[in-house]
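J.:
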């Protein structure tokens, strides 16, 4: 017997065992471990083409790769310049439209 200070009475403590919580926790742990195994063991695929047809990069391809990356950076820069030019032309057209002759 225990004494409860809040209720000021004696009582017999009981512990409820919930099989539901045990099953939920087991499923969570087992499911998480299956996901980790799936993530580690799944085949690596190309994000663009969704295929797994890979080969090792040849030594001469490294220069081509660097050239391709530099070209892509330059294209992005020129794209930003083009957008800035278009925005400048739009703002110029707006000011020209407001001007009264």
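Numbering (the numbering used here), first residue to last: 3 to 103.
Glycine included, each C-beta is placed from N, C-alpha and C at the ideal position.
If you follow the alpha helix (DSSP H) that residue 28 is part of, which residue opens it and which one closes it?
T.: Here the question's residue 28 lines up with position 26 in the chain shown. From DSSP, the alpha helix (DSSP H) with residue 28 extends over 21–43.
J.: Output the distance between the C-alpha atoms of residue 27 and residue 41, rounded to the nearest integer angstrom.
T.: The residue you call residue 27 lines up with position 25 of the chain shown. The residue you call residue 41 lines up with position 39 of the chain shown. Distance between residue 27 and residue 41, taken at the CA atoms: about 21 Å.
J.: Taking just the CA atoms, how far does residue 46 sit from residue 191?
T.: Residue numbering for the chain in the displayed model covers 3 to 103; residue 191 lies beyond these limits and cannot be assessed.
J.: Give the single residue among 4, 20, 49 and 21 whose Cα lies nearest to the Cα of residue 13.
T.: Against the chain shown, residue 13 aligns to sequence position 11. Of 4, 20, 49 and 21, the residue nearest in Cα terms is 4.
J.: What does a CB cutoff of less than 6 Å around residue 54 pick up in its chain, not counting 5 residues either side in sequence?
T.: Sequence index remark: in the chain shown, residue 54 carries index 52 (1-based). Here the set comprises 45 and 47.
J.: Locate the beta strand (DSSP E) running through residue 13, then write down its first and last residues.
T.: As a working note, residue 13 is residue 11 in the chain shown. Here the beta strand (DSSP E) through residue 13 covers 11–13.
J.: Determine which residues share a DSSP beta bridge with residue 5 and list them.
T.: Numbered from its first residue, the chain shown carries residue 5 at position 3. BP columns for residue 5 point to 12.
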